[in-house]
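K.L.:
Before I ask anything, here is the structure I am working with.
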Amino acid sequence: MDENAIHQWLIECFGPVQGELAWSQFSQLPESIRSQMAAQGADQLPKPAEVQALIQAFTAGGLNTPADMQAQADQGPINLALAKNIALGRTRADQSDTTVTAEDSDRVARVMSEANLWLDTVCAFDPAPGQTEALTRAGWIEGSIDAWVQFASPVAQAVSEALTSVISQRFQGFDQGEISGMFAGPVPIPLPDNLKDPTTLMRLLGNTSFAMQLGQAAGELAKEVRGGFDQGIPLLKNPAGALIPQNIKAYAKSLELDLDEVTSYMALKEAAHARLYAAVPWLMPRFEALIGKYARGVSIDLDAVEDQLRDAEQINPESIAGAINLSNVGIEDTPEQKEALRSLGDLLALVDGWVDCVVWNAGMAHLPHLEQLREMTRRERAVGGPAEQTFESLLGLHLHPKRLREAADLWGRITAEEGVQGRDDHWSHPDLLPSLPVKEEADEGGTSTSAEGQSEQEADTPATSVDWDAELDKLLNAEEKEPPAETTTPADSDASNEQEHPDQEPSDSQKSADKDSKDPDDGHPDRNDSDKGGSDSHQA
């Protein structure tokens, strides 16, 4: 692109006054630098709208003045205000609903009332205090971003310390000098004296880069979540939770199901989660303790950080993004971390399995497509969506209960043996919780345990007139490593199992698949799921 195009780009990004000032600064650069920048294609520069949105986010994030920047560098590992404003900017760019309509509010109030009535007959816990909210995507961000930053801060702190260590230990002599300025695209940005120290600047860049990535991931995740407890833990301050009508509408449309039925299913899940957390005061502190135990053990590979910094073309928040991403620079988990992840995963599975069991018993008389909706939820929870995976790569945690099916089957058996009150009494103390069977790290065939969704799909998916696996592919299109699932008949499933395990006798559930797909008396249609899910994951 020629210099005239750069001139026009600066004006579109910064306006006529600031754009001309930026052009004046650009014109004063040496000819060699200007030629190098002009040789870049226009597609390598951010769009003016993106630049303007980022400027607004930086302004709201307290990065206006040198004093603001110094304060942010000293404040903590994540710029919360910046993360929130970037996330909100993503929702505005996606033309998300800015308000919840009266019709949507009425629907949420109605289905939540029905859901609590249905749950009263199958659950010993009282409804959570307060009223379930109907939120926009922006409302979900406003309500949940504090919790995400809290979970991410220990990891961000470890990465920030690694950045400054690399600067002082690995880049010899660099930390003894000073940095006079940075570039934002082709625009030179002079730095104030109090930020010319390289270690101070790296703290600010790490703080800002982590916030930018967290904000972008939160903005994407806001398009996927449908309730306040979608991650299995309460992220909102309202103990009664929330539903996001815009996302529920999109979900119902993708499944070609009635909106009221899908909303009622989401309401049952939300109300069941809310009842559990409201009735079990030790549950959330237990999650926080396990997450903290894992985060405190996070170690950073300084060699990997150094490589990421050396590969960075420029010193700015976007260029050092790879150096603050735990998936790039994290050291393998310690035994203590693996134990924390295992405990976290089992506890999440017990929570989601209890909700699955209760929702099934509460909704099977009211929701015609409950079994299909339940199956979709199980598979979604097993792997997470693309935005959720990005989010968790920053946290270093994987909040997916891979053993949800086993846990749901376990709670179903307890319900049949001990009744509703006896089942829910197990939550009165951590020591009373049932234990999931101990799993090996990998099955005998070497199958990765993260393939839970695929291994159980064949044995567990009912044959229906709706191609639910095809619908699942729409939601889980990020699973490039797994072949597309195909709808199978019970006979196909049996044949597949015989080919994979020729020495094993068919399970009882396989023998009876054609005769009976569910037993309404026992409250759970997949009694033998735990026998079939031999490749469940050990990740939390």
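Residues 163 to 702 in the working numbering are what the sequence shown spells out, letter by letter.
Note that beta-carbon positions come from the ideal geometry of N, C-alpha and C, so glycine has one too.
#1: Looking at A296 and L417, is the spacing between their C-beta atoms short of 8 Å?
#2: When DSSP labels each residue in this structure, what does E386 get in the three-state scheme?
#3: Does DSSP put A404 in a helix, in a strand, or in coil?
#4: Can you find the residues in the same chain that come closer than 7 Å, C-beta to C-beta, to R458, ignoring five residues on each side of it along the sequence?
#5: Could you check which residue in E276, I248, W589 has the C-alpha nearest to that of A441?
#6: Looking at C-beta atoms only, is the number of pairs between the segment 434 to 449 and the segment 509 to 525 that lie closer than 8 Å three or more?
#7: DSSP has A544 in a bridge; who is on the other side?
#8: Between T370, A309, L398, which lies nearest to G292 when the distance is taken from Cα to Cα?
#9: Who does A200 pair with in a DSSP beta bridge?
#10: Closest to G390 by CA distance: which of A300, Q180, A255, A570 is it?
#11: From S597 to D514, what does the alpha carbon distance come to, in whole angstroms?
#12: Taking the C-alpha atoms as reference points, what is the distance between L366 and A320?
#13: When you compare only the Cα positions, how much space is there between E382 and T283?
#14: Are there 16 or more other CB atoms within 10 angstroms of the CB of W444, so buried, or fewer, so exposed?
#15: The alpha helix (DSSP H) spanning N166 covers which residue range?
#16: With respect to the alpha helix (DSSP H) encompassing R565, which residues constitute its N-terminal and C-terminal limits?
#17: Please say whether T298 and S267 have beta carbons closer to each other than 8 Å?
#18: Who are the near neighbours of V270 in its chain, counting only those whose CB is closer than 6 Å to its CB and skipping five residues on each side?
#19: What number of angstroms, rounded off, separates the C-alpha of D469 from the C-alpha of R541?
#20: Identify which residue in K246, L561, L376, S327 has its Cα closest to the Cα of D465.
#21: Using only CA atoms, which one of D495, D508, D308, V424 lies nearest to L376?
#22: Tell me the rounded alpha-carbon separation between G181 and H169.
#23: With DSSP as the reference, please indicate the residues paired to A296 in a beta bridge.
#24: I need the straight-line Cα distance from A578 to A524, nearest angstrom please.
#25: Which residues bound the alpha helix (DSSP H) around I248?
P.N.:
In terms of the structure at hand:
#1: no
#2: coil
#3: strand
#4: P316
#5: Of all alpha-carbon atoms in E276, I248, W589, the one lying nearest the alpha-carbon of A441 is that of W589.
#6: yes
#7: According to DSSP, A544 bridges with nothing at all.
#8: It is L398.
#9: In the DSSP output, where bridge partners are listed per residue, A200 has none listed.
#10: A300
#11: 14 Å
#12: 14 Å
#13: 37 Å
#14: exposed
#15: 165 to 189
#16: Counting along the chain, R565 falls outside any alpha helix (DSSP H), and DSSP gives it neither H nor E.
#17: no
#18: A296, L405.
#19: 37 Å
#20: S327
#21: D308
#22: Near 8 Å, if we compare the C-alpha coordinates of H169 and G181.
#23: L405
#24: 15 Å
#25: 242 to 255
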